[in-house]
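>
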Amino acid sequence: MKAAVYEGPRTVTVKDVPDAKVEHPGDILVKITTANICGSDLHMYEGRTSFETGRTLGHENLGQVVEVGKAVSKVKVGDWVVLPFNIACGFCKQCEQGLTNYCLTMQPQPDMAGAAYGFAEMGPYQGGQAELLRVPYGDFNALRLGEDAPERQLDYVMLADIFPTGYHATEMAGVKPGDQTLVYGAGPVGLMAAYSAILRGAGRVWVADHQPDRLRLAEEIGAIAINTAEQDPAEVVKEATLGLGADNGCECVGYQAHDPQGNEDATLTMNGLIDSVRFTGGIGVVGVFLPEDPGGDEAQGGLEAQGKVPLDFGLLWFKGQHIGTGQAPVKRYNRALRDLIAGGKAEPSFLVSHELSLDEASAAYEHFDNRDDGWTKVVLHPDGRSRRASTAKRGSRSVGGSSHPTVQELRREA
Ligand SMILES: [Zn+2]
Ligand SMILES: [Zn+2]
Numbered sequence: 227m228k229a230a231v232y233e234g235p236r237t238v239t240v241k242d243v244p245d246a247k248v249e250h251p252g253d254i255l256v257k258i259t260t261a262n263i264c265g266s267d268l269h270m271y272e273g274r275t276s277f278e279t280g281r282t283l284g285h286e287n288l289g290q291v292v293e294v295g296k297a298v299s300k301v302k303v304g305d306w307v308v309l310p311f312n313i314a315c316g317f318c319k320q321c322e323q324g325l326t327n328y329c330l331t332m333q334p335q336p337d338m339a340g341a342a343y344g345f346a347e348m349g350p351y352q353g354g355q356a357e358l359l360r361v362p363y364g365d366f367n368a369l370r371l372g373e374d375a376p377e378r379q380l381d382y383v384m385l386a387d388i389f390p391t392g393y394h395a396t397e398m399a400g401v402k403p404g405d406q407t408l409v410y411g412a413g414p415v416g417l418m419a420a421y422s423a424i425l426r427g428a429g430r431v432w433v434a435d436h437q438p439d440r441l442r443l444a445e446e447i448g449a450i451a452i453n454t455a456e457q458d459p460a461e462v463v464k465e466a467t468l469g470l471g472a473d474n475g476c477e478c479v480g481y482q483a484h485d486p487q488g489n490e491d492a493t494l495t496m497n498g499l500i501d502s503v504r505f506t507g508g509i510g511v512v513g514v515f516l517p518e519d520p521g522g523d524e525a526q527g528g529l530e531a532q533g534k535v536p537l538d539f540g541l542l543w544f545k546g547q548h549i550g551t552g553q554a555p556v557k558r559y560n561r562a563l564r565d566l567i568a569g570g571k572a573e574p575s576f577l578v579s580h581e582l583s584l585d586e587a588s589a590a591y592e593h594f595d596n597r598d599d600g601w602t603k604v605v606l607h608p609d610g611r612s613r614r615a616s617t618a619k620r621g622s623r624s625v626g627g628s629s630h631p632t633v634q635e636l637r638r639e640a
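In our numbering, the protein residues as written are 227 to 640.
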């Protein structure tokens, strides 16, 4: 089968690799029709992680089941499924509490938790930027989709990661109806956090970034754009809130945060949020931070290389703020968010800028990594077919602004 293989910093090649197959009775085999490139793939692409050469990337995957293991009873061949990027067993101490993001048994390293497809330090699993994907414990991990799945893949594929991840940021931050929320980062996850905050009834949502094309999308969904090349988010937010600050904030950038001139500063977003959020406010951090950064700047005494971020902790404590961190437990949210899509209340495909065949993965990585203008979210189709004509761009992009009478077509699950 063909797959997008990591071959070293800034080198992804599409080549033939051995076919994925059912290896365990609980596995399912999925023919991938839609696989996204994620911002977190770029950390690996740039050689800023321990990701091994020769491995296949891709943790945002959707497709059709082509084979099931002997122990699989719910999922059937022919089902359309979207796979949470977290790979979880369903029976460990963490999974029993819904913490599928920190599953203990799918991660082979004894002092680690959590597994994912095609991801550094998240187990040996291959990614889905390929023609086939092996999905462990298919009954537990696969979310089945309704009859509208083939036509609406660009919406449903966002359930693999970025929609639940953005939603998780707002959950950890405690966004409530009427809240005023500041989101740092207008990349796909930041936009999904802003979109989720609006879905949750936030009164006002600001999105801070310095990329004009991304800020335009933020404005299209009803958020207020703050261009950090021109304005300080803390000043903007305080001025609009009688000096109090935002009720809550979402960090959707991560350790490779940089100023408009391109200088990396891992403290930029966190300290910006501590400054911008009011006393006792919440901050949800879903941007990636790592315990080690092989490409970290040695100039600051090697702090970045050791995964250390000098936080304004005194101010955080003084303001009585609380922070939630880490990867999203996708399964906690994906079923409800699927039904918002099916019911026409959410249309996360608004951020897809490019649909390409798998063969075009090398160029896609290059453009996305360069933050080339307009390359906000790239979707690969290993079966070579585009869904753009029948999915996104159907007019209104506002939350709940369109209606698709497909909710009754959903295959309801107990
Ligand atoms: Zn992702
Ligand atoms: Zn588990």
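Backbone N, C-alpha and C fix where the C-beta goes; we use that ideal spot for every residue, glycine too.
Since the model is a prediction, treat every value here as computed from it, not as a measurement.
For T617, I'd like the list of residues in its chain whose CB is within less than 6 Å of its CB, leaving aside the five on either flank, ordered along the chain.
Per-residue confidence for T617 stands at a pLDDT of 39, beneath the threshold of 50, marking its modelled position as unreliable; the derived number appears in the next sentence. Result list for T617: R378, L380 and S575, in chain order.
> CB N367 to CB P555, shorter than 8 Å?
Judged by their CB atoms, N367 and P555 are not nearer to each other than the 8 Å cut-off.
> Measure the beta-carbon distance from D609 to T259 and round it to whole angstroms, keeping in mind my assumption that it falls under 8 Å.
In this structure D609 is in contact with T259, their Cβ atoms being roughly 5 Å apart against a cut-off of 8 Å.
> Ends of the alpha helix (DSSP H) at Y559?
V556 to A568
> Pick out whichever of G400, C264, H484 and V308 has its Cα sitting closest to the Cα of E530.
Out of G400, C264, H484 and V308, H484 has the C-alpha closest to the C-alpha of E530.
> Taking the continuous alpha helix (DSSP H) assigned at A423, which residues delimit it?
P414 to L425
> Run the proximity test for Q437: is its beta-carbon closer than 7 Å to any non-hydrogen atom belonging to ligand 2?
Q437: no, Cβ never under 7 Å from ligand 2.
> Could you pull out every residue in the same chain whose Cβ sits closer than 8 Å to the Cβ of D595, ignoring the five residues on either side in sequence?
R236, L268, Y271 and E272
> From A451 to R442, what distance separates their C-alpha atoms?
8 Å
> Examine ligand 2 and report whether any of its heavy atoms sits within less than 7 Å of the Cβ of G340.
no
> Can you grab the Cα-Cα spacing for the pair F345 / L468, in whole Å?
Going by the C-alpha atoms only, they are around 44 Å apart.
> Taking the alpha-carbon positions, what's the D242 to G349 distance?
22 Å
> Could you tell me whether any non-hydrogen atom of ligand 1 is closer than 7 Å to the CB of S266?
yes
> Nearest-angstrom Cα distance between H580 and E357?
When rounded, the distance between both Cα atoms is 19 Å.
> Got a sec: does ligand 2 put a non-hydrogen atom nearer than 7 Å to the Cβ of C321?
Within the cutoff, so yes.
> Buried or exposed: which applies to A615, given that a residue is buried once 16 or more other Cβ atoms fall within 10 Å of its Cβ?
For A615, the predicted structure reports a pLDDT of 39, less than 50, and the residue's modelled location is therefore unreliable. A value from the coordinates is still provided. Classification of A615: exposed, given that the 10 Å Cβ count is below 16.
> Taking buried to mean at least 16 other C-beta atoms within 10 Å of its own C-beta, is S422 buried or exposed?
buried
> Would you kindly work out how many angstroms separate the C-alpha atoms of L330 and E322, rounded to a whole number?
11 Å
> Would you list the one or two residues that DSSP bridges to Y215?
Only positions 227 to 640 of the chain appear in this structure, which leaves residue 215 out of reach.
> Which residue wins for smallest C-alpha separation from C476, given the options E233, V503 and E461?
V503
> Can you tell me the Cα-Cα spacing of M227 and L255, whole angstroms?
13 Å
> Return the bridge partner residues of C476 from the DSSP annotation.
V409 and G510
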